[in-house]
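**Q** Take a look at this one; I'll ask things after.
This is the structure:
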């Protein structure tokens, strides 16, 4: 049993729903009690989809348990087939159905429907949403293409010289982060080097499209969380190589094009200058100097976390002070990345642990999911969302890709926007006693909303009942601080430091004092510590 | 499954509407969704769902994204080892409960909430609550109820929760009397009602659930129970089992419903009709002024309710009689004929009343009817809008102050707004 307040991922059948909701001509019958239909709202409300996900729920009730639930499965399958006329039918179970073991997949297959019927194993008590999406996509592709796998040892025909290379884009799904726009941007990017996109799947694909996958020269694994298993299988069975670089950021986009060029056997040198990206110049502009060394904590799915770390370090001049992921299946990528930046990786799906780490690190910017938005809001830290799970505001009306050169533009704007601008930061530092520079003042371009959830120093400001009593923002380090006290004038001086770095200043000073064996922190100690930790 | 109309059953009397019962796919929340408002109403309570990742995800999706504060609910997620018997579920539960109580020392009452998986594996939460009560006696009260989707639909979760509170209520000394109002009301509405009862000379008045579990109302044979929400049948009957008597009344939606509701209390207290009229006249006048404003956009418009919260019948009555709307279909997930008797009498003859749900067929009817407004759950609203049907999210009806005289116009406005908006938009 695991105590969970908020979760990063739903159960695996939600992943299956993400695949079928992405596609056309596919229907899922889910053996599940009433209540599990809540999942529809994720698609229709959070992503504002105009159609219901193609899912039929059996809605079994207590009185049917041990009796006619199996019959219910068959009726549901029959009716769903009649009504929706899918070209492929998937059958799966949600958590409760798994326990009653009706074998709905076998029941459905025994009905002799005139379309492929695929049975999904979605272990609800062991696996989660991303795994479910990955597995469902794999089962679907494998189920449809298995009869077409060439004999072992037969290599694919080489591409005729007069045909442009073709690529499949695999992995974008409903409820994914900016998938819709990434597909468009990557299609444009590939076109710029003379590569045609053949099939995009699962987003917008039909079962017939999946059958055309082997006609492409290679696959682009856009989102490994949903497509790595499928790409690996296609590589093994059809000899289709996989482009693995995820083109998020200028550097990664260049690497992506290099990899495409290498795999497709074409020259990509012309397209590599980021002509459509203002991001490199914006980052080099003197105005951005203040971004230097901003301390960033990243927590997301593995793909977006790793990509964000590289952009932070190489393209924005930030310092990565922490990185983590909830996607255990991809923990290795994040561990390697953490090693590169010399930080401790955080692999967890417990948001309380993420909050604890954020509190310890006192970053100046958080890049994360909807959950980190909560955490950052509580801690008064600027935040930008970079990965699923996300909320309705992260499905913008405008074109806002993350990938490719335009994606880099979008990311520059999105990550820099929550921060206080350079000169403003200086002014606040210089004129601490200006009455309008109160602790809760946000950056001037973010409006005058005083963050009620931004706890004041020491958590002494009135807190709503909703806030926990021990606001962790600025509380002294327990172990070190127990022996150290602050002199009144040092405490006063500390207040002159802007709130967004004050927590860190306090902690550093206390750590310094503890290390130096200082009992009472004076103004001198404060500045000694500043010199000691000065960056 | 499917059409299985289980027959046309005439409800209670001959003049009452005919009810069509349907079975099939349902598009409703399970009872866990009630935690979303219960955990805010009862300020010292914590709701620990013992269930699956789906339960946690449901709560988060139904509510979580709207609440930025740390919630007073959580899920103890069952894992493979719990099911395989490798881990003793009870020992695990004890550990998780300790974790919760350590994190939230301010909690006075902990509800262990059963779910579909916990029901199916027959995890006995009543026994667990009893055992843990022994451990935390004097510090935390530990209760249990089931909000599993196998047994409860949406608002029935509140019924199950309140029913679990009934045995905890102190005994009302014999010879004394009191009024007990059942059902979660927004604090502001509760205060309005408390003032009205005071002016009417009715008292003492208590509310269940209370804002804090240290303020449990007494219950006994002198208690008159008045339901503020129509979905609390089990709780009402549990109160009756402890000797209380149930007042029959329409529900306090709209001026007519609220007046009828108050009248039931005045009659029980022997307060005259003159006093009732005098006390309520100003509020009724206000309500009618407010309603007049929205009647223009609602009158003559056709409305369908999909089954969701059990509020459908009282709301249909209000919209028909006070706003002039035409009822196309009124769906309810479950019809408690006893509790709905007064409301059913106020529905027009021949209204199409359905109990239960067979989703696809209901949507077929809806597309054929093309009402001006459809009241439905969040999963269906946007798809129906994209088919050109105007919708009203039903969940707003349980989250918004809509009871009583002074909220009558607000209630009408909830239905008028989508229509007004549709008339405004030129995109």
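Residue numbers (this note's numbering), protein chains in the order written: chain A, 1 to 535; chain B, 1001 to 1427. We treat Cβ as the ideally placed atom computed from N, Cα and C, and that holds for glycine. Model, not experiment: these values are computed from the prediction.
Check whether the Cβ atoms of residue 1255/B and residue 1342/B sit closer than 7 angstroms, and answer yes or no.
**A** Not in contact: residue 1255/B and residue 1342/B (Cβ atoms no closer than 7 angstroms).
**Q** Can you check whether the CB of residue 1246/B is closer than 7 angstroms to the CB of residue 1182/B?
**A** no
**Q** Contact between the segment 372-391 of chain A and the segment 294-304 of chain A is defined here as three or more beta-carbon pairs at a separation below 8 angstroms; is this criterion met?
**A** yes
**Q** For residue 1087/B, name the three-state secondary structure that DSSP assigns.
**A** coil
**Q** Is the segment 162-173 of chain A touching the segment 196-203 of chain A, taking contact as three or more C-beta pairs under 8 angstroms?
**A** yes
**Q** Compare the C-beta of residue 40/A against all C-beta atoms of chain B and say whether one is closer than 7 angstroms.
**A** yes
**Q** Use the C-beta contact count for residue 462/A: other C-beta atoms within 10 angstroms, 16 or more gives buried, fewer gives exposed.
**A** Bear in mind that the predicted position of residue 462/A carries a pLDDT of just 32, short of 50, making it too unreliable to give a figure here.
**Q** Since residue 291/A and residue 324/A are thought to touch, with beta carbons under 8 angstroms apart, how far apart are those beta carbons, to the nearest angstrom?
**A** Going by Cβ atoms, the distance from residue 291/A to residue 324/A rounds to 22 angstroms, so no, they are not a contact pair.
**Q** Does residue 288/A get closer than 7 angstroms to chain B when you measure Cβ to Cβ?
**A** no
**Q** Taking the alpha helix (DSSP H) that residue 19/A belongs to, which residues open and close that run?
**A** 12-22
**Q** Tell me which residue opens and which closes the alpha helix (DSSP H) that residue 1024/B is part of.
**A** Counting along the chain, no alpha helix (DSSP H) covers residue 1024/B, and no H or E run does either.
**Q** Is it a yes or a no for the segment 133-141 of chain A touching the segment 94-108 of chain A, going by three-plus beta-carbon pairs under 8 angstroms?
**A** no
**Q** Can you give me the C-alpha to C-alpha distance between residue 393/A and residue 1199/B, rounded to a whole angstrom?
**A** 47 angstroms
**Q** Under the three-state reduction of DSSP, which class applies to residue 324/A: helix, strand or coil?
**A** strand
**Q** Can you give me the Cβ contacts of residue 1324/B inside the same chain, cut-off strictly under 7 angstroms, excluding the 5 residues immediately before and after it?
**A** 1295, 1298, 1299 and 1300
**Q** Any idea what DSSP makes of residue 1245/B, helix, strand or coil?
**A** In the structure shown, residue 1245/B adopts extended strand secondary structure according to DSSP, grouped into three states.
**Q** For a contact defined as C-beta to C-beta under 8 angstroms, what are the partners of residue 1116/B on chain A?
**A** Near residue 1116/B (Cβ distances below 8 angstroms), the residues of chain A are 33, 35, 95 and 96.
**Q** Among 74/A, 38/A, 95/A and 98/A, which one has its Cα closest to the Cα of residue 89/A?
**A** Of the candidates 74/A, 38/A, 95/A and 98/A, the residue whose Cα lies closest to the Cα of residue 89/A is 74/A.
**Q** Using a cut-off of 7 angstroms between C-beta atoms, extract the partners of residue 1413/B located in chain A.
**A** Within chain A, no residue comes near residue 1413/B; the closest Cβ sits about 22 angstroms away, beyond 7 angstroms.
**Q** Using the beta-carbon of each residue, which ones in chain B are nearer than 7 angstroms to residue 45/A?
**A** 1378 and 1382
**Q** Taking the alpha carbon of residue 97/A as the point to measure from, which residue in 80/A, 64/A, 372/A and 26/A has its own alpha carbon closest?
**A** 64/A
**Q** If we count the other Cβ atoms within 10 Å of its Cβ and call it buried at 16 or more, is residue 527/A buried or exposed?
**A** exposed
**Q** Leaving out five residues before and five after residue 1100/B in sequence, what residues of the same chain have Cβ atoms less than 8 angstroms from its Cβ?
**A** So the qualifying residues of the chain are 1046, 1048, 1074, 1107 and 1110.
**Q** Using C-beta distances below 6 angstroms, list every residue in its chain close to residue 403/A, excluding the 5 sequence neighbours before and after it, in chain order.
**A** 182, 185, 186, 247 and 248
**Q** For residue 131/A, decide whether its Cβ has a neighbour in chain B, counting only Cβ atoms nearer than 7 angstroms.
**A** Residue 131/A does not count as touching chain B.
**Q** Using a C-beta cutoff of 7 angstroms, does residue 99/A count as contacting chain B?
**A** Chain B, which has a Cβ nearer than 7 angstroms to the Cβ of residue 99/A, makes this yes.
**Q** At a Cβ threshold of 7 angstroms, is residue 1077/B touching chain A?
**A** At least one CB atom of chain A sits nearer than 7 angstroms to the CB of residue 1077/B.
**Q** Enumerate, from N- to C-terminal direction, the unbroken beta strand (DSSP E) stretches of 3 or more residues contained entirely within the segment 1320-1377 of chain B.
**A** 1326-1332, 1352-1356 and 1373-1376
**Q** Reducing DSSP to helix, strand and coil, say where residue 311/A ends up.
**A** Residue state, collapsed to three classes: helix.
**Q** Between residue 479/A and chain B, is the shortest Cβ-Cβ distance under 7 angstroms, so that the two count as touching?
**A** Annotation note: pLDDT 40 at residue 479/A (below 50); position unreliable, coordinate value reported separately. False, the Cβ-Cβ gap to chain B never drops below 7 angstroms.
**Q** Between residue 523/A and residue 279/A, what straight-line distance do the alpha-carbon atoms span, to the nearest angstrom?
**A** For residue 523/A and residue 279/A, the distance between alpha carbons rounds to 42 angstroms.
**Q** Which residues in the same chain have their Cβ closer than 8 angstroms to the Cβ of residue 1319/B, if we skip the five residues on either side of it in sequence?
**A** 1298, 1303, 1325, 1327, 1412 and 1415
**Q** Which of the three DSSP states is assigned to residue 1039/B in this structure?
**A** helix
**Q** Can the beta-carbon of residue 1401/B be found closer than 7 angstroms to that of residue 1188/B?
**A** yes
**Q** Quick check on the DSSP output: what are the complete beta strand (DSSP E) runs of length 3 or more inside the segment 1053-1140 of chain B, in order along the chain?
**A** 1073-1077 and 1109-1114
**Q** How long is the line joining the alpha carbons of residue 490/A and residue 533/A, rounded to whole angstroms?
**A** 17 angstroms
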